[in-house]
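Colleague:
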Amino acid sequence: MRHDFIDHHSHGESPVHRLHPTAKVLAAAVFLAAAVGVPYPRFLPFLPLAALGLLAALLCRVPLPHLARKMVWPLGLTAATVCLMPVLRPAGDGLVLLESPVRLAVYPESARLALHVVARAAVALAGAVLLVAATPFRDLLRVLESWHTPGLLLRILAVFYRYLFILVDEAEQMELAVSARLVGPAPRLRLLRMAGNMAGTLFLRSLERGETVYQAMCARGFDGRFPTLDAPRWRAPDAATLALAAAAGILTVLLAVLP
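Residue numbers (this note's numbering): 19 to 277.
(1) Use the C-beta contact count for arginine 138: other C-beta atoms within 10 angstroms, 16 or more gives buried, fewer gives exposed.
(2) Counting Cβ pairs, one atom from each stretch, are 3 or more of them under 8 Å apart for the region 37-48 and the region 148-157?
(3) Would you kindly check if the distance between the Cβ of valine 136 and the Cβ of threonine 167 is under 8 Å?
(4) Output the boundary residues of the alpha helix (DSSP H) element that contains tryptophan 91.
(5) Measure the beta-carbon distance from histidine 38 to proline 245 and round it to whole angstroms, keeping in mind my assumption that it falls under 8 Å.
(6) How many angstroms separate the CA atom of valine 80 from the CA atom of arginine 208?
(7) Looking at the secondary structure, which residues open and close the alpha helix (DSSP H) in which arginine 223 lies?
(8) What's the C-alpha gap between leucine 72 and threonine 230?
(9) For valine 283, which three-state DSSP category applies?
(10) Label phenylalanine 278 either buried or exposed according to how many other C-beta atoms from any shown protein chain fall within 10 Å of its C-beta, with 16 as the threshold for buried.
(11) Please classify cysteine 236 as buried or exposed, where buried requires at least 16 neighbouring CB atoms within 10 angstroms.
(12) Look at alanine 129 and leucine 50 and say whether their C-beta atoms are less than 8 Å apart.
(13) What do you get for tyrosine 125, buried or exposed, if any count of 16 or more other CB atoms within 10 angstroms of its CB means buried?
(14) Taking a contact to mean a Cβ-Cβ separation below 8 Å, would you say valine 34 touches leucine 70 in this structure?
(15) Mind reading off the beta-carbon distance from arginine 60 to leucine 272? Whole number of angstroms is fine, and I expect it under 8 Å.
(16) Threonine 270 lies in the alpha helix (DSSP H); which residues open and close that run?
(17) Rounded to whole angstroms, what's the CA-CA distance from methionine 192 to arginine 199? Just pull it up for me.
(18) Would serine 164 be called buried (16 or more neighbouring beta carbons within 10 Å of its own) or exposed?
(19) Using only the alpha-carbon positions, how far apart do alanine 263 and valine 48 sit?
(20) On the DSSP letters alone, give me the boundaries of the alpha helix (DSSP H) that arginine 138 sits inside.
(21) How close, in whole Å, do the beta carbons of alanine 132 and valine 100 come, if the pair is a contact with beta carbons under 8 Å?
(22) Taking the straight line between their C-alpha atoms, what separation do you get for alanine 284 and arginine 253?
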């Protein structure tokens, strides 16, 4: 089983990795709130956040292509959702592309709004990806636990995180078995039938293996808490990180409200 396809950069050795998890979560929260709060049609307020995100990525020593790959699917989904706004949302005078049989026009104001939504999503997503890339998942759960998050929610998150690896491992084993048994191209109908059978089998195998893993966790004393013997201490760089994030957030707000 591979254990590094989600957060394999989170155990690195960099100034960002060595920060207190609470400081990173708070800084990310300020970053996300500032990004989501940028009003339309302002684009300039995104610059301080983008500069802070780039600085964090460089200090984190995580390859930029890796961060870009993590952002492709969510950002692509957002772009696909808003790409029709310039056509379907009339606003002002539009550029008519087709008069008949259906009138089709592109509205520049709606296109600018769509671009603003994508920019807001990109900046916020970059902050979330950087947080996951620089913080092990167990540390995130410990931060939530220290904030008195309901234990049931923490247990669900912990088990869900572990079950992701089981699901991917079972899917890879089944894909390998199918590839070993196929000789040459198969008919499309047969491939569809095989995909349906694999989906059902994957669910059953993952459920059975997940129950085994959960029983093993309970046998080893898992009770929903996340104790640690080496709790990190709050240091000066942690306070500096929060101050920098707060400064970027304040600058973003000033650029958003000032004419």
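Beta carbons: idealized from backbone N, C-alpha and C, even for Gly.
Modeller: Result, derived from the coordinates:
(1) For the purposes of this step, residue 138 is taken as residue 120 along the sequence shown, with counting starting at 1. So arginine 138 counts as buried.
(2) yes
(3) The residue given as residue 167 occupies position 149 in the sequence shown. The residue given as residue 136 occupies position 118 in the sequence shown. The answer is no: Cβ separation not under 8 Å.
(4) The residue labelled residue 91 in the question sits at position 73 within the sequence shown. Start and end: 82-100.
(5) Counting from one through the sequence shown, the residue named residue 38 turns up at place 20. Counting from one through the sequence shown, the residue named residue 245 turns up at place 227. 17 Å between Cβ atoms; not a contact.
(6) In the sequence shown, counting from the first residue as 1, residue 80 sits at position 62. In the sequence shown, counting from the first residue as 1, residue 208 sits at position 190. Approximately 42 Å between the Cα atoms of the pair.
(7) Walking along the sequence shown from the start, residue 223 turns up at place 205. Taken as a continuous stretch (DSSP letters only), the alpha helix (DSSP H) holding arginine 223 covers 206-237.
(8) For the purposes of this step, residue 72 is taken as the residue at position 54 of the sequence shown. For the purposes of this step, residue 230 is taken as the residue at position 212 of the sequence shown. Computed Cα separation, rounded: 42 Å.
(9) Examination of residue 283 is not possible in this model, given that the chain is present from 19 through 277 alone.
(10) A question about residue 278 goes unanswered here, because the residues of the chain that appear run from 19 up to 277.
(11) For this step, residue 236 is matched to residue 218 along the sequence shown. Under this definition cysteine 236 is an exposed residue.
(12) Counting from 1 along the sequence shown, the entry for residue 129 is found at position 111. Counting from 1 along the sequence shown, the entry for residue 50 is found at position 32. Taking 8 Å as the Cβ cut-off, alanine 129 and leucine 50 do not qualify as a contacting pair.
(13) Your numbering for residue 125 matches position 107 in the sequence shown. The residue is buried, with at least 16 neighbouring Cβ atoms inside 10 Å.
(14) Here residue 34 refers to the residue found at position 16 when the sequence shown is read from its first residue. Here residue 70 refers to the residue found at position 52 when the sequence shown is read from its first residue. Taking 8 Å as the Cβ cut-off, valine 34 and leucine 70 do not qualify as a contacting pair.
(15) Taking the sequence shown and counting its residues from 1, one reaches residue 60 at position 42. Taking the sequence shown and counting its residues from 1, one reaches residue 272 at position 254. About 11 Å; that fails the 8 Å criterion.
(16) Translated into positions along the sequence shown, residue 270 becomes position 252. Here the alpha helix (DSSP H) through threonine 270 covers 254-275.
(17) For the purposes of this step, residue 192 is taken as the residue at position 174 of the sequence shown. For the purposes of this step, residue 199 is taken as the residue at position 181 of the sequence shown. Rounded to the nearest angstrom, the two C-alpha atoms are 11 Å apart.
(18) To locate residue 164, count along the sequence shown from 1; it is residue 146. Exposed, since its Cβ has fewer than 16 Cβ neighbours within 10 Å.
(19) Residue mapping note: residue 263 aligns to position 245 of the sequence shown, counting from 1. Residue mapping note: residue 48 aligns to position 30 of the sequence shown, counting from 1. If I take the Cα positions, the gap works out to 7 Å.
(20) For this step, residue 138 is matched to residue 120 along the sequence shown. Per DSSP, arginine 138 belongs to the alpha helix (DSSP H) from 126-152.
(21) In the sequence shown, residue 132 corresponds to position 114, counting from 1. In the sequence shown, residue 100 corresponds to position 82, counting from 1. So it is a contact: roughly 4 Å between Cβ atoms.
(22) Summary: the structure shown does not reach residue 284, with the chain confined to residues 19 through 277, and so no result is reported for it.
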